[in-house]
Amino acid sequence: MEQRTEKQRTENGKRRTENRKQKTENRKQKTENGKRKTENRKRKTENRKRKTVNTNSVALSFLSGIEKVTA
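Numbers in the numbering used here are just positions in the sequence shown, counted from 1, shifted up by 35.
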């Protein structure tokens with residue numbers, strides 16, 4: 036079994052530290068991206084609901100106009 040030199044141990048330690056920092060950073064970014072995606076999905080849903088309500092409103096006003104003409 037080969038003994039690692041002090042320099043090798045130091046280098047490995049530095050590399051591990053960097054990798055750990057990078058993993059933490061990546062995890063933070065994933066969390067932020069997930070939050071953004073969730074917000075966008077909620078906004079799209081709200082817009083779709085609003086659009087449906089507006090469409091129904093227009094249809095109802097159109098139908099009530101027809102009723103007035105035929106009455």
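Positions of the beta carbon are idealized from the N, C-alpha and C atoms, including for glycine.
Nearest-angstrom Cα separation, counted from Asn68 out to Thr59
14 Å
Quick one: what does DSSP say Arg39 is sitting in, helix, strand or coil?
coil
When you compare only the Cα positions, how much space is there between Asn82 and Leu95?
20 Å
Closer than 6 Å by C-beta to Arg85: which residues in its own chain qualify, once you throw out the five before and the five after it? Chain order, please.
none
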